[in-house]
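Data block below; observations after.
In our numbering, the protein residues as written are 1 to 112.
This is the structure:
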């Protein structure tokens, strides 16, 4: 199923104050993040920084959390997790999970 951004944001709204478990897979790299979702933002048409870094279209998930990369755990920087939607190729929204496929990788999000 190819869900719309509205379906994705509706799912996030329904998970307010829930713990999200996010697995991001890019090429041969996999990161895991745990986030207590306090709020989210759907940003569109954001200006890139002078060095070209950033996203024009993104979801920002706000809340306390931790990220695990290569076996190392650290607090979530800025209490925010960014999912770039530029290059969104497909998505699947179900009651208990959300999957986003972009040109950068795949995000799998489940909840408690």
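C-beta atoms are modelled at their ideal positions from N, C-alpha and C, and glycine is treated no differently. Small disclaimer: the values here were computed from a predicted structure and weren't measured.
Do residue 81 and residue 71 have their CB atoms nearer than 8 Å? no
Can you tell me whether residue 91 is buried or exposed, with buried defined as 16 or more other CB within 10 angstroms of its CB? buried
Tell me the DSSP secondary structure of residue 91 in three-state form. strand
Name the residue from 95, 88 and 67 whose alpha carbon lies nearest to the alpha carbon of residue 30. 67
Starting from residue 7, trace the alpha helix (DSSP H) both ways and give me its first and last residue. 5–14
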